[in-house]
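Here's the structure, in structure tokens; my notes come after.
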Amino acid sequence: MTKIALVGSPNVGKSALFNQLTKLYVSVSNYPGTTVSLARGTMTIQEKLYEVIDTPGMYSLLPITDEERVSRKIIFEGNLHAMIHVVDAKNLERMLPLTFQLREVGLPLILALNMSDEAEKSGIEIQAPILEKYLRLPVIKTVSTQGVGMRLLKEKIYEFAH
Amino acid sequence: MNSHIDYLDEPLQKALLQIIECLKSSYAVSKQTLALLLLQEDPYVETLVQKEEGEAYVKIKELVQKTAAGYSEPLRFVITMNRQKAVDALVSQSVSSPKRSSLKISNFLSQLMIHPLTGYPIVALILYYGLYQFVGVFGSGTLVDFIETTIFENHINPWITSLVQGLLPWKVIQDLFVGEYGVFTLGVRYAMAIVLPIVGTFFIAFSMIEDSGYLPRLALLLDRSFKKIGLNGRAVIPMVLGLGCDTMATMVTRILETKREKVIATLLLALAIPCSAQLGLILALLSPVPSALFLWGGVVIGEFFLIGYLTAKLLPGRQPQFFMELPPLRLPLFSNVMSKTLSRIQWYFMEVLPLFVIASVLIWAGQLTGLFGWIIELLKPLVSALGLPAEAAIIILFGFFRRDYGAAGLFDLQSKNLLTHNQLAIAAITLTLFLPCVAQFLIMKKERGLQTTLLMSAFIFAMAFGTGFLLNLGFNIFGVIL
Numbered sequence: 004m005t006k007i008a009l010v011g012s013p014n015v016g017k018s019a020l021f022n023q024l025t026k027l028y029v030s031v032s033n034y035p036g037t038t039v040s041l042a043r044g045t046m047t048i049q050e051k052l053y054e055v056i057d058t059p060g061m062y063s064l065l066p067i068t069d070e071e072r073v074s075r076k077i078i079f080e081g082n083l084h085a086m087i088h089v090v091d092a093k094n095l096e097r098m099l100p101l102t103f104q105l106r107e108v109g110l111p112l113i114l115a116l117n118m119s120d121e122a123e124k125s126g127i128e129i130q131a132p133i134l135e136k137y138l139r140l141p142v143i144k145t146v147s148t149q150g151v152g153m154r155l156l157k158e159k160i161y162e163f164a165h
Numbered sequence: 004m005n006s007h008i009d010y011l012d013e014p015l016q017k018a019l020l021q022i023i024e025c026l027k028s029s030y031a032v033s034k035q036t037l038a039l040l041l042l043q044e045d046p047y048v049e050t051l052v053q054k055e056e057g058e059a060y061v062k063i064k065e066l067v068q069k070t071a072a073g074y075s076e077p078l079r080f081v082i083t084m085n086r087q088k089a090v091d092a093l094v095s096q097s098v099s100s101p102k103r104s105s106l107k108i109s110n111f112l113s114q115l116m117i118h119p120l121t122g123y124p125i126v127a128l129i130l131y132y133g134l135y136q137f138v139g140v141f142g143s144g145t146l147v148d149f150i151e152t153t154i155f156e157n158h159i160n161p162w163i164t165s166l167v168q169g170l171l172p173w174k175v176i177q178d179l180f181v182g183e184y185g186v187f188t189l190g191v192r193y194a195m196a197i198v199l200p201i202v203g204t205f206f207i208a209f210s211m212i213e214d215s216g217y218l219p220r221l222a223l224l225l226d227r228s229f230k231k232i233g234l235n236g237r238a239v240i241p242m243v244l245g246l247g248c249d250t251m252a253t254m255v256t257r258i259l260e261t262k263r264e265k266v267i268a269t270l271l272l273a274l275a276i277p278c279s280a281q282l283g284l285i286l287a288l289l290s291p292v293p294s295a296l297f298l299w300g301g302v303v304i305g306e307f308f309l310i311g312y313l314t315a316k317l318l319p320g321r322q323p324q325f326f327m328e329l330p331p332l333r334l335p336l337f338s339n340v341m342s343k344t345l346s347r348i349q350w351y352f353m354e355v356l357p358l359f360v361i362a363s364v365l366i367w368a369g370q371l372t373g374l375f376g377w378i379i380e381l382l383k384p385l386v387s388a389l390g391l392p393a394e395a396a397i398i399i400l401f402g403f404f405r406r407d408y409g410a411a412g413l414f415d416l417q418s419k420n421l422l423t424h425n426q427l428a429i430a431a432i433t434l435t436l437f438l439p440c441v442a443q444f445l446i447m448k449k450e451r452g453l454q455t456t457l458l459m460s461a462f463i464f465a466m467a468f469g470t471g472f473l474l475n476l477g478f479n480i481f482g483v484i485l
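Just so you know, the protein sequences line up as chains P and A, in that order.
Every letter in the first sequence is one number past the one before it in my numbering, and letter 108, counting from 1, is 111.
Every letter in the second sequence is one number past the one before it in my numbering, and letter 159, counting from 1, is 162.
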């Protein structure tokens, strides 16, 4: 089965996105550290079956705590086909360093600008095309708690890994 | 799909390329990622590469050391700064953000929550309305009364009892289902009529607090007091989660950095953090007797800090810096609060109901064979050392299965007026300090190892009974009557 992992800093909405994609339920909270171990589920895009893996939050590829080690291990040893880097769109200067590190790994990567509704509400404007061109990867605006951007995200996943 | 690293200083960039040259084996991730992590002396990648490359690893190590010698700061810091510079350049091209004015109110609120002068009163308000009023008074008072008395005692119990008596003519078998400790009259009733409303209201209140973003602010507020017991504010998250379920919280100690912190947090969770079912039941039990409630709070919080302080002294080690992102304050999303509450209740019930039923069956079998009476006879000296009546031996026995089961038993005794206020306080305190349940024991074993867990359990056992014993002694000597 094609394996996709959701990775990113703590408290950016990976688990909510996981719930949206797999229609499963893992607990979602507004503080970092709710996910301390991997959660696995499946989703189907155009009759193709994918395994989706939700990972504990990590700040960089250099882990400090155990749950960050769990996430790095899945990137290094998990035979992934693609990764989705979920970020808080309100805080890109803190989020993108991990995007840089993830794209260096060499696996197909999609950047999900999550909480884009909150970003818009506070007046933050993001030029996704500029990010796409510079980073050379697809950039999609999402609101994982409401399912915004899921269709586009799934299209990209299908395009990248099938 | 090859994105080359292009943001490093020249000496670093050169070293990176040289290290990549040395990596001959094939790896699951790109060589540039490995090389970059090698420059930052990451132990995991070092072990991996050393195994794969053998002799050549010495050369890599030399390269890293030579490069590091050229900088006054550690390489991981230099690399982070280099990367951040590239990120900042990219962000300034692609993102425009205004002066934040719409966030004023939530920023102001956030400040109030963090500042000690206003922060502690806010904690008190949340505890009073969220826990005491909603869970204690409404959940374990109004709701339990309604479900227990109106639904169970007036409607379901008589119906089930006559049904069972009609279907099964043997007294012994009848007792299994509807006797004093029957599967239905005790197991199901405890679970549905006492535990469900309390745990349900608690989980609702708790899910709302969680989703509002209050917890990291509480962590910041409590950081200073927690430092005194060798933990930093980060440990507030597992501790507060422990008020929901200590078993889950023990797993969440993984977010702590050092082994030392994890050991302290695990011990404190098992000893002094009551879980939701227990907390609700104890609030309900003690709220008519404020003096007992305060004594219970004082003793449990006191032991939390005392034992934390002492273990921190015993286990010396470095204290990690506190660092936690503050997520924005949000109005909790109704659907998320509900689905979270439901999934927690479901999870709790799947775990608790079978255990309650099994406990009922075991007690029934124990009574039939006389084993039950024998164990209670055995526990009597222990119970009377705490100044409790013989009936409390059953609760202690229940408590071995689960603290919340024991607390439900205590609730039952209290409503039959079998306990004085002194006895109530002692029983509540002893039970709170007890190891919570079999599930927690198993998780502790998984996270901390069998030896540590057995040591902790023995210690907790001694602490719980020691405290009860001393309290009783104190009450008798000073003639205290609550």
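Note that the Cβ used here is the ideal one computed from N, Cα and C, for glycine as well.
If you draw a straight line from the alpha carbon of Val198/A to that of Trp299/A, how long is it in whole angstroms?
21 Å
Hey, out of Leu134/P, Pro132/P and Val151/P, whose CA is closest to Asp120/P's CA?
Nearest of Leu134/P, Pro132/P and Val151/P to Asp120/P, Cα basis: Val151/P.
What residues are listed by DSSP as bridge partners for Gly203/A?
Per DSSP, none; premise fails for Gly203/A.
Residues near Asn425/A in its chain [Cβ-Cβ closer than 6 Å; skip 5 each side]:
Same-chain partners within the cutoff: Phe478 and Leu485.
If you draw a straight line from the C-alpha of Pro335/A to the C-alpha of Met341/A, how long is it?
10 Å
Exposure label - Gly471/A; buried when at least 16 CB within 10 Å:
buried
How about Val140/A and Ser290/A: do their beta carbons lie closer than 8 Å?
With contacts defined by Cβ atoms closer than 8 Å, Val140/A and Ser290/A form a contacting pair.
Could you check what DSSP says for Thr58/P in three-state terms: helix, strand or coil?
coil
Find the residues of chain A that neighbour Tyr137/P, judging by a C-beta separation of less than 7 Å, and give them in chain order.
Within 7 Å of the CB of Tyr137/P, the CB atoms of chain A belong to Leu93, in sequence order along the chain.
Count the C-beta pairs between the segment 71-83 of chain A and the segment 37-48 of chain A that are closer than 8 Å, then say yes if the count reaches three, no if not.
yes
Measuring alpha carbon to alpha carbon, tell me which residue in Leu114/P, Thr102/P, Met153/P and Gly81/P is nearest Val32/A.
Gly81/P
Hey, is Gln255/A's beta-carbon within less than 8 Å of any beta-carbon in chain P?
Before going further, note that residue 255/A is Val rather than Gln in the sequence given. Answer yes: the Cβ-Cβ gap between Val255/A and chain P drops below 8 Å somewhere.
Give the DSSP-derived three-state secondary structure of Lys17/A in the structure shown.
helix
Interfacial residues, the segment 52-69 of chain P to chain A, with Cβ spacing under 7 Å
Leu64, Leu65, Ile67, Thr68 and Asp69
Sort Leu65/P, Ser125/P and Arg154/P by Cα distance to Ala115/P and report the nearest one.
The option with the nearest alpha carbon to Ala115/P is Arg154/P.
By DSSP, does His88/P sit in helix, in strand, or in coil?
strand
So, with DSSP's three-state summary, where would you put Val340/A?
Looking at Val340/A - three-state DSSP - the assignment turns out to be helix.
Looking at Ala287/A and Gly482/A, is the spacing between their C-beta atoms short of 8 Å?
no
Between the CA atoms of His84/P and Pro111/P - distance to the nearest angstrom:
7 Å
Please check if any C-beta of chain P sits within less than 8 Å of the C-beta of Glu76/A.
no
Within 7 Å of chain A by C-beta, residues of the segment 98-114 of chain P in sequence order
Leu99, Pro100, Phe103, Arg106, Glu107, Val108, Gly109 and Pro111
Between which two residues does the alpha helix (DSSP H) harbouring Gly482/A extend?
Where Gly482/A is concerned, there is no enclosing alpha helix (DSSP H), given that its DSSP letter is neither H nor E.
Per DSSP, what kind of secondary structure is Leu99/A in: helix, strand or coil?
A quick correction: the sequence has Ser, not Leu, at residue 99/A. It is a strand residue.
At a CB distance below 7 Å, what residues from the segment 83-99 of chain P approach chain A? Give them in sequence order.
Leu95, Glu96 and Leu99
Can you list, in chain order, the residues of its chain with a C-beta nearer than 6 Å to that of His7/A? Leave out the 5 residues immediately preceding and following it.
none
Hey, does Asn34/P have any beta-carbon neighbour from chain A nearer than 8 Å?
In the sequence as displayed, the identity of residue 34/P is Tyr instead of Asn. With 8 Å as the cut-off, Tyr34/P counts as an interface residue toward chain A.
Please specify which runs of the alpha helix (DSSP H), each continuous and at least 4 residues long, are wholly inside the segment 109-184 of chain A, giving them in chain order.
Annotation: the segment 109-184 of chain A contains the following complete segments of the alpha helix (DSSP H) (minimum length 4 residues), in chain order: 119-129, 160-170 and 174-181.
When you check each C-beta in the segment 120-144 of chain P against every C-beta of chain A, which residues fall closer than 9 Å?
Glu121, Ala122, Lys124, Ser125, Gly126, Ile127, Glu128, Ile129, Gln130, Ala131, Pro132, Ile133, Leu134, Tyr137, Leu138, Arg139 and Leu140
Answer yes or no: do Asn339/A and Thr148/P have a C-beta to C-beta separation smaller than 8 Å?
yes
Determine, for Pro219/A, whether the minimum Cβ-Cβ distance to residues of chain P falls below 8 Å.
yes
Between Ser97/A and Gln104/P, which are expected to be in contact by the criterion C-beta below 8 Å, what is the C-beta distance as a whole number of angstroms?
The Cβ separation is near 19 Å, so there is no contact.
Leaving out five residues before and five after Gly73/A in sequence, what residues of the same chain have Cβ atoms less than 7 Å from its Cβ?
The residues Pro14, in chain order, have a CB closer than 7 Å to that of Gly73/A in the same chain once the five nearest residues on each side in sequence are set aside.
Mind checking Thr145/P: buried by the 16 CB within 10 Å criterion, or exposed?
buried
Which bits of chain A does Arg28/P rub up against, with CB to CB less than 8 Å?
In the sequence under discussion, the amino acid at residue 28/P is Tyr, which differs from the Arg named in the question. Correct list: Ser342 and Ser346.
CB contact below 8 Å: Ala208/A versus chain P
Between Ala208/A and chain P, the shortest Cβ-Cβ separation is not below 8 Å.
Taking the beta strand (DSSP E) that Gly44/P falls in, what are its first and last residues?
Bounds of the beta strand (DSSP E) holding Gly44/P are Ala42 to Ile48.
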